[in-house]
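For reference, the structure discussed in these notes is given below.
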Amino acid sequence: MTKRSILSLIVAISFSFQILAQQSATYTSGLVDYQKALSLYNNQQYRAAQSMFSNVKKTAEEEILQSNCAYYIANCAVRLNQQNADQLVEDFVKEYPTSTKRNTAFVDVADYYFENSKYAYASKWYKKVDENALARKEREKYNFNYGYTAFTTKNYKTAKKYLSRVENSSEFGSQAKYYIGFMAYEGDDYDSANEYFEQVSDQERYKEKLSYYQADLNFKLGKFEKAIELAKERLDSSDEAEVSELSKIIGESYFNLEKYAEAIPYLKAYKGKRKKWNNTDFYQLGYAYHKQKDYENAISEFNKIVGGNNSIAQNAYYHLGESYINLGKKQEALNAFRNASQMDFDLKIQEDSWLNYAKISYEIGNPYQSAPQVLAGYLEKYPETPYKEEIETLLIDSYITSKNYKEALKLLESKKSFENKAAYQKVAFYRGLELYNESNYQEAEDLFDASLKESLESNYTARATFWKAEADYNLTNYDDALIGFKQFQQQAGASSTSEIENIDYNLAYTYFKLKNYGKATEYFNQFISNKRVDKVRLNDAYLRLGDGHFVSSQYQSAISAYDKAIKLNEIESDYPAFQKAISVGYAGNSSKKIKELEQFISQYAKSKLRDDALYELGNSLVKANETDRAMKAYNQLSTEYRMSSFVPRALLRQGLVYYNGSENERALTKFKKVAGDYPGTPEAVQAVSTARLIYIDLGRVDEYANWVKQLDYVEVTDVDLDNTTYESAEKQYLENNTDKAIRLFNGYLNQFPNGIHALQSHFYLAQMYYKKDLLENAAPHYKYVVEASQSEFTEEALSRLSQFYLESKSWNKAIPILKRLEEEANYPQNIVFAQSNLMKANYQLENFDNAVAYAEKVLGSSKIDNKIKSDAHIIIARSAMKTGDETKAKSAYANVERVATGETAAEALYFNAYFKNKEGKHEASNKSVQRLAKDFSGYKYYSAKGLVLMAKNYYALNDAFQATYILESVIQNFPEFDDVVSEAKTELRKIKREEAKTNSSIVQED
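Note that the sequence shown covers residues -21 to -1, 1 to 985 in mature numbering (1 follows the signal peptide of the UniProt record, and there is no 0).
Printed below as a string of structure tokens:
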């Protein structure tokens, strides 16, 4: 080597050492800072360490130093919970892919999160770890940590995978087995769970936790004795929540071992999930009580099972029904068995429930459907039942006892057996009787005929014959009625009926209507001789007996009968007094007649016959030549009874008295008043005729002609034709040739619309149309009579016209007609008719004060029948409810209940229950609803309303099952009653909302 070369090498080496020295100084300085930062990191001063690592990284030129700084910067960020921590770790891995700390970074971050119980974060980073790059010791820790992280995040599949790898590890094995066992427990793999738990049961750290799980495991494995042993061991050292769960295990274990007495205290000690029981919990405790025959407590638990629809609920409702039966609570049992019978989870329980439901329906009635329907439904569903004969017997009897004759008839129509024919005979009879009481006489008669076609029981054959005759009587078919009553008398079963007591009375009345007064008096006398008759009928019999003698001109006998009626004084005491006075006159004792008439006028100041008496008094005084006193009587009549039909007669009589006394001008004044004020009446026609004679006598024929021209009902030139045409029509009427008479009367009115006999023609036409049930045809003719002057036809025309308006619900038209009838009627029954219908019409028009006023008028009459009393009380009650006066309504409904039948009685009984509910008398209220269901099941609206009341009562009595079941049944069974269903839904929501607070099985609806 040359000298130059050696020199150059020395220079180069010298230069290199100079550079290396400079680099070493810088590197050394960075390493010192790096070590300081590392020391800070190890001392958990992460923020200072992070800052120093950042400074070192900025000046470091070596990649390894930079990557280490980046690693620790990210690690500090994780530990400082900085928002960009995860990103810094991701950046480190991405920027330094060959770094030896890459896998360590994942493990380190995951372990940090694991140790701080942030398992979701830990799981994210454990997933990134390369297991193969880990040392064996590190791998065990990784497997356990990752497995436990998956366990805590409910990722049991991953948890089992990693924990299974360390189940034999000396460090992690016990923990792994515990968690693997717990996952098996949660997954209902009780054998595996038990196996794992057994392996760690000797370790103190797990004993406390395992005691509960092992007790539960043994319970679930059916090892009930072991479960009880383990759970009891744990009880004393458990907190309140665990005591509740352990009590449940012990209680259910005893329950499954059928040791119900031992089960009860533990089942009761259970507090429920989130302090709520479910339907199964209530069932088990209820069933345990049931098996101990503690039915009160059994019911208390069973009836908390609301809305159940599974095998447990079916079982509970069946045993609930049995518990109720054992306590004699049949209505409650009916609902429980009905519910169980509607579920098919256990077919044997369903059939037994059906049987019990059917039997109880027969015994107490059924508000949802008629007892016959329930019994027939059972036989249809279970045709081979061993109870077939028993249920068929109950079915036949139920047709009668249910009193739901309308529905019973439908069910019986397809039944052809002998027993069902016998039932049909009874049901058709009772349904006919119902219709008769509702005044549907023609329909009633059809059913009596149907009953008579099945003449199997003589008692019902006789009764149907009697009531068919009654229907004929009310339809004015008197000949048929007479035949019917006589047939009844001759039948074998008649003597055992209550109807036989009054048969003479009925026959007497029928003969009376047929104007066979001899036979009528004969039968009235026979009836009177019967000592068992009631006083009201006896009084009436004396009246009609008197009338029979009277029309037969047997006046002394008539007087005797009227005297006896007066003495009884049960009904219409003014009528026999008046008739007696008239009879005395006909018997030839004029002076006594006058005296008795004057006495009558004085004694019966409010009698409807007083105007008759004044008229008769006037006539009698005229005959006795006491004309001044006669005129006073006529004047009194005209003054006090201006609307009386006797006024035109009295005026006519006064005119005739003046005429006979040659006081022609005074006579003309009276005749003209009659002709002008009462046009078209027979009195007006006679007044015109007599006035004509006076004008002829006075020679003032022109004056007469001018006067008559002003009277549009007198057509002088056609008088003969008028009379002839009318008499022809009248003849057909009297001979009962109705259709021909109608045609001739219409012909007369077409020819003589203002004829002499127009009033009579309109009235007779109306009567014939009415008898043919052509009320619309009759109405205008009655209207003509009503609008004409007062006459003998006015009262009946008012009655029939008002009836037409009432039936067509023309309340505003009916009211003025009814008012006139009330004021003008002579017959008491027409006054009662007017007042009773005035109360109804005013109620329909919501004139409640007027309705009540008329109802009280009706009740003021002591001689009204129960039907009218019932109507009056019901109007008062309904009006009181409408005006918010429930105190008055309660009293009125109580009165209704005493006298009503049919739907009105059902309404009254509903309100009986309603007021008891409001007073907090819930059990008493339910008894009223039960009566309503048994006796009036045909009136569905009140049955449905009664059920809603019953539900409220049961809930107030802490019976949630009964309350909710009844309300659900109402909603399902009575969709036609919107108001009732709406109320039921509101109540059901309210109850479920309340019960859901303690029962987790209840599903609340919107």
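Backbone N, C-alpha and C define an ideal beta-carbon position, used for all residues, glycine too. This one's a predicted model, so the numbers in the text were calculated from it and none came from an experiment.
CA-to-CA distance, residue j to residue i, given in whole angstroms
i	j	result
T943	V927	10 Å
A4	Q66	With a pLDDT of only 47 at A4, under the threshold of 50, the placement of this residue in the model should not be trusted; the figure read from the coordinates follows. Distance between the alpha carbons of A4 and Q66 is about 34 Å.
A206	D325	29 Å
Y657	R523	33 Å
Q2	Q14	In this prediction, Q2 has a pLDDT of 45, which is less than 50 and means its spatial position is unreliable; nothing more can be read from the coordinates.
I159	F130	9 Å
K543	Y521	7 Å
L214	E221	8 Å
A(-1)	Y50	Only weak support exists for where A(-1) lies, its pLDDT of 40 falling under 50; the value from the coordinates is given anyway. Taking the straight line from one Cα to the other gives about 29 Å.
residue 993	Y763	The requested residue 993 does not occur in the structure, where the chain is confined to residues -21 to 985.
K492	L486	10 Å
S968	T444	According to the sequence shown, residue 968 is Arg rather than Ser. R968 and T444: Cα-Cα distance of roughly 54 Å.
A(-10)	L10	Low local confidence applies: a pLDDT of 38 at A(-10) is under 50, so the model's placement there is unreliable, with the coordinate-based value given in what follows. C-alpha separation (whole angstroms): 28 Å.
Q689	L647	16 Å
E974	I981	7 Å
A350	K382	10 Å
F(-5)	T38	Any answer about F(-5) is weak, because its pLDDT of 38 lies below 50 and its placement is not dependable; what the coordinates show is given next. When rounded, the distance between both Cα atoms is 22 Å.
R972	D260	19 Å
A851	Y921	20 Å
Y613	V626	8 Å
A963	F940	14 Å
H528	K572	18 Å
A112	N82	7 Å
K621	L630	A small correction: the amino acid at residue 621 is Arg; Lys does not occupy that position in the sequence shown. Cα-Cα distance, rounded: 11 Å.
Check whether residue i and residue j have beta carbons under 9 Å apart
i	j	result
N289	N258	yes
L246	F203	no
Y75	E42	yes
L354	Y341	yes
Y249	K227	yes
E386	Q421	no
G251	S223	yes
Q470	A441	yes
D774	E803	The displayed chain sequence assigns Glu, not Asp, to residue 774. Cβ distance < 9 Å, so E774 and E803 count as in contact.
N809	S789	no
V811	V837	yes
S916	G344	yes
Q909	Q310	yes
G881	Y918	yes
A566	I545	no
Endpoints, alpha helix (DSSP H) assigned at residue i
i	result
D325	Careful: D325 lies outside any alpha helix (DSSP H) and carries neither H nor E.
S740	A737 to K750
M622	Where M622 is concerned, there is no enclosing alpha helix (DSSP H), given that its DSSP letter is neither H nor E.
F316	K309 to S320
G881	G881 to K897
T717	T717 to Q730
V837	F827 to L838
K106	Careful: K106 lies outside any alpha helix (DSSP H) and carries neither H nor E.
N294	S290 to N305
W256	It is not in any alpha helix (DSSP H) - W256 carries neither H nor E in the DSSP assignment.
T132	Counting along the chain, T132 falls outside any alpha helix (DSSP H), and DSSP gives it neither H nor E.
Residue closest to residue i, alpha-carbon to alpha-carbon, out of the options
i	options	result
D519	I243, E117 and I550	I550
T883	I847, S474 and K405	I847
K106	K116, T128 and Q633	T128
E330	G201, V35 and Q293	Q293
I229	M610, E219 and A242	A242
E478	A499, Y439 and F32	Y439
T866	D844, K895, R877 and E947	K895
Y378	A402, A155 and E368	A402
Contiguous alpha helix (DSSP H) assignments of at least 4 residues, all confined to the region 561 to 591 = Annotation: the region 561 to 591 contains the following complete segments of the alpha helix (DSSP H) (minimum length 4 residues), in chain order: 569 to 582.
Would you list, in sequence order, the uninterrupted beta strand (DSSP E) runs of no fewer than 3 residues that lie entirely inside the region 40 to 78?
-> Qualifying beta strand (DSSP E) stretches: none in this window.
Just list the alpha helix (DSSP H) runs in the region 844 to 880, keeping only unbroken ones of 4 residues or longer that don't cross its boundaries, in chain order.
-> Annotation note: the region 844 to 880 contains the following uninterrupted alpha helix (DSSP H) runs of length 4 or greater, listed N- to C-terminal: 845 to 861 and 865 to 878.
Taking the runs of the alpha helix (DSSP H) that are 4 residues or longer, which of them lie wholly in the region 359 to 434?
-> Here the runs fully enclosed are 367 to 380, 384 to 391, 397 to 416 and 420 to 432.
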